[in-house]
Amino acid sequence: MIFLPRTSFMFSSVVVVFLVGGLLSIVGQHKPGPAVSLLQEIHSLKLNSTVCVDPEAVDRASTDFGLITRAVPAAVFRPSSDSDIAALVGFSYASARPFGIAPRGRGHSVRGQALARDGVVVDMGALRGDGQGRIRVCGEGCRPSYVDAGGEQLWIDVLRETMKHGLAPRSWTDYLYLTVGGTLSNAGISGQTFLYGPQISNVYELDVITGKGETVTCSEQHEADLFFAVLGGLAQFGIITRARIAIEPAPTMVRWVRLIYKDFAAFTSDQERLISLEKKKGFNYVEGSVIMADSLTDNWRSSFYVEEDITRISRLAAQYGAVYCLEGAKYYDHATASSIDQELRSVVDDLRYLPGFEFRNDVSYMHFLNRVREGETKLQSRGLWNVPHPWLNMLIPRSRILEFDRGVFKSILKHNNSVGPILICAMNRNKWDQRTSAVVPDEEVFYAIGLLRSGMDGWKNLEEQNEEILRFCDDAGISYRQYLPHYTSLADWRKHFGAKWDVFVERKMRYDPRALLSPGQRIFTSSFAQHQSM
């Protein structure tokens, strides 16, 4: 049986507690209560960290990027060191009244996955501080080269630091203002995944704090079971405090192209061909998207085009109901700049896009990887970023992708007028290490579908549309997997993990037997405990 956390204490909404150098200071508490008793117990650990229960801190930790789910924690823990996090987890594990603990980086989850109702949210960003020693590059003289990065570090800062040495990680997410620990707890995917695998396939070593409060350094060679459990493990087995990430020489420039298709079969066939090519013969980055009549308006991807191009593409989308964009990039530097035109043409000339609908840009490598930031800034200025994000991310097997197009893109989403892109990206299963906790469709090629839509007053309609899409897939027998998964029943979690479910449960019982970590994922709930005890 797995014992689940029970929280029997309540913090006053006007208390701020500082635990610095062993000094406990309680502000705004007029009479003692259960909260003070618990805080005094934490104080006995002699932590150099801060526990906040003031309304502003608690409110920020009560929701996430999705702005759909709300779960109020009892407190926010701002650690000054990894050892303080371990002490907090160990304290809860040994306590007669354990509480849930959720590590929170940027809070970029969309369904409350980084929340801890009545528990403690660990503000991992507090560890960033001035960054001294939390990002360390080992390039020249290291075989292989790597960067050590704290789990709280943003990928944009990892990139900036490695680029000082002419190096960079190989696999990315589209958005770089996410934490290392956050993406490695899921998978970390983008247009480079077909070539290098997800980010979890590019890690050499981890420092992890388990649900028992133990700090373990793990790798493929040492404590391998924990290493693979944590990678893609939805933060269920441990909190990542350091990752050793593979790096390689970085290019300086990118030839970036977008090609427009009206025929979905040609679009997917060309994507599948591109991800089968060797790196030298094809693109370094391949991603696709679906464009509806008005979807380039208020879309962070629209910054690629000039206004005239947006008008032409939008008219085409209105004519056909939807068109498809294949996006590719070839990396180069000054030594190879003279041949980039020829290399690009050797790839593009065999593709079946619409004549006259090829668009290209030359940008720096840094600009290309950080391309979403420009669009984000524009949407923020218009009040269109900090709004509800009812996102739905799915992995669809190649054999069913044409059916998915007919049933979803051309039917359910036919009159989609929401803000945000719809991504469709082909991937190679052999680039995913099946020893990790991440799950993908059981076909050699599959597609990542990202419905990254936003809404203000109409977000509930988008939620209903997402449910319709899932019902369509279930009724059609499409064996999809959710990415950034959100389920509400044990049966759905079993179905999600499939053959990996038993191993997932065994690892939970081994590394977090009291189910303290990341309760917002809603995997190990009271119903699960009840089932385990039968």
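For the sequence shown, full-length UniProt numbering assigns the number 1 to the initial residue and increments by one for each residue that follows. Backbone N, C-alpha and C fix where the C-beta goes; we use that ideal spot for every residue, glycine too. Bear in mind that the values here come from a model prediction, so they are computed numbers and not experimental data.
- request: Classify His389 as buried or exposed, calling it buried when 16 or more other Cβ atoms lie within 10 Å of its own Cβ.
  value: The residue in question, His389, is buried, as its Cβ has 16 or more Cβ neighbours within 10 Å.
task: Indicate the three-state DSSP secondary structure (helix, strand or coil) for Glu443 in the structure shown.
output: Three-state DSSP puts Glu443 in coil, outside helix and strand.
- prompt: With 16 as the cutoff for other CB atoms within 10 Å, does residue 556 come out buried or exposed?
  reply: Residue 556 lies beyond the range of the chain shown here (1 to 534); nothing can be said about it.
task: On a CA-only basis, which of Ile156, Gln342, Ala448, Ser92 is nearest Val372? Give me that one, please.
output: The residue with the shortest Cα to Cα distance from Val372 is Ile156.
message: Measuring CB atoms only, is the stretch 218 to 228 touching the stretch 249 to 265, in the sense that at least three cross pairs come out at less than 8 Å?
response: With contact defined as three or more Cβ pairs closer than 8 Å, the stretch 218 to 228 and the stretch 249 to 265 are not in contact.
- request: With a threshold of 16 other CB atoms inside 10 Å of the CB of Leu402, please say whether the residue is buried or exposed.
  value: In the assembly as shown, Leu402 is an exposed residue. Its beta-carbon has fewer than 16 other beta-carbons within 10 Å.
- request: Grab the span of the beta strand (DSSP E) containing Asp123 for me, first residue to last.
  value: Asp123 -> beta strand (DSSP E) spans 120 to 123.
message: I need the boundaries of the beta strand (DSSP E) containing Lys330, first residue and last residue.
response: Segment 323 to 332, the beta strand (DSSP E) holding Lys330.
message: Quick check: the Cα distance between Leu384 and Gly458, rounded to an integer number of angstroms?
response: Going from the Cα of Leu384 to the Cα of Gly458 covers about 13 Å.
query: Which two residues bound the contiguous alpha helix (DSSP H) that contains Ile401?
result: Run containing Ile401: 401 to 404, per the alpha helix (DSSP H) assignment.
task: Would you check if the stretch 413 to 431 and the stretch 354 to 373 touch, i.e. whether three or more CB-CB distances between them fall below 8 Å?
output: Two segments are said to touch when three or more pairs of C-beta atoms, one from each, lie closer than 8 Å; by this definition the stretch 354 to 373 does not touch the stretch 413 to 431.
message: My parser needs the alpha helix (DSSP H) runs of 4 or more residues fully inside the stretch 196 to 229; what are they?
response: Segments of the alpha helix (DSSP H) lying fully in the stretch 196 to 229: there are none.
- prompt: In its own chain, which residues sit with a C-beta less than 6 Å from the C-beta of His165, not counting the 5 before and 5 after it?
  reply: Contacts found: Val137, Gly139.
query: Where in the stretch 272 to 320 do unbroken runs of the alpha helix (DSSP H), each at least 4 residues long, occur, reported from the N-terminal end onward?
result: If we require 4 residues or more, the alpha helix (DSSP H) runs fully inside the stretch 272 to 320 come out as 307 to 320.
message: Here's the rule: buried if 16 or more other CB atoms are within 10 angstroms of the residue's CB, otherwise exposed. What is Asn430?
response: Burial check for Asn430: the Cβ neighbour count within 10 Å stays below 16, so the residue is exposed.
- prompt: With a cut-off of 8 Å, do at least 3 Cβ pairs link the stretch 167 to 180 to the stretch 252 to 266?
  reply: No: fewer than three Cβ pairs fall under 8 Å.
- prompt: Can you tell which of Trp501, Tyr447, Ala438 has the C-alpha that lies nearest to the C-alpha of Ser399?
  reply: In terms of Cα proximity to Ser399, the closest of Trp501, Tyr447, Ala438 is Tyr447.
Any 3 or more C-beta pairs closer than 8 Å across the stretch 52 to 64 and the stretch 183 to 201: No, the stretch 52 to 64 is not in contact with the stretch 183 to 201.
message: My output table needs one value for Phe359: the three-state DSSP class, helix, strand or coil.
response: DSSP places Phe359 in strand when its eight states are reduced to three.
task: Output the distance between the C-alpha atoms of Arg471 and Val408, rounded to the nearest integer angstrom.
output: Cα to Cα, Arg471 sits roughly 11 Å from Val408.
query: Can you tell which of Ala86, Gln342, Ile68 has its C-alpha closest to the C-alpha of Leu47?
result: It is Ala86 whose Cα lies nearest to the Cα of Leu47.
field: Where the alpha helix (DSSP H) containing residue 540 begins and where it ends
entry: Any question about residue 540 goes unanswered here, given that the chain covers just 1 to 534.
Secondary structure of Asp148, DSSP reduced to three states: Three-state result, Asp148: strand.
- prompt: If you draw a straight line from the alpha carbon of Val306 to that of Glu374, how long is it in whole angstroms?
  reply: Taking the straight line from one Cα to the other gives about 14 Å.
query: Exposed or buried, Met456, counting other C-beta atoms within 10 Å across all chains shown (16 or more means buried)?
result: Looking at its Cβ environment, which holds fewer than 16 other Cβ atoms inside 10 Å, Met456 is exposed.
message: What does the Cβ neighbour count give for Gly105, buried or exposed, with the cut at 16 atoms within 10 Å?
response: Counting other Cβ atoms within 10 Å of its Cβ, Gly105 reaches 16 or more and is therefore classed as buried.
field: CA-to-CA distance, Val158 to Arg345, given in whole angstroms
entry: Between Arg345 and Val158, the alpha-carbon positions lie close to 33 Å from each other.
field: Distance between Ile275 and residue 537 (C-alpha atoms, nearest Å)
entry: This structure does not reach residue 537, given that the chain is present from 1 up to 534, and the question cannot be answered.
message: Just verifying my parser: in three-state terms, what is the DSSP assignment at Ala448?
response: DSSP, read as helix, strand or coil, puts Ala448 in strand.
message: Whole angstroms are fine: how far does the CA of Val505 sit from the CA of Tyr511?
response: Pairing Tyr511 with Val505, the inter-Cα distance amounts to about 10 Å.
field: For Ala74 and Gly141, believed in contact at Cβ under 8 Å, the rounded distance
entry: Actually they do not touch by this definition, with Cβ atoms about 47 Å apart.
query: Do Arg242 and Asp207 have their C-beta atoms closer together than 8 Å?
result: Closer than 8 Å, so yes.
- prompt: Who are the Cβ neighbours of Thr162 in its own chain at under 6 Å, not counting the five residues just before and after it?
  reply: For Thr162, where only same-chain residues beyond five positions count, the Cβ hits under 6 Å are Val137, Val147, Ala168, Ile247.
- prompt: Cα-Cα, which of Val72, Leu423, Thr50, His367 is closest to Pro519?
  reply: Of the listed residues, the one whose Cα sits closest to Pro519 is Val72.
task: Confirm, please, whether the CB-CB distance from Ile449 to Ile478 is below 8 Å.
output: For Ile478 and Ile449, no; Cβs fall outside 8 Å.
message: Am I right that Ile240 and Leu517 are in contact with their C-beta atoms under 8 Å? What's the rounded C-beta distance?
response: Ile240 to Leu517, Cβ: 11 Å. No contact.
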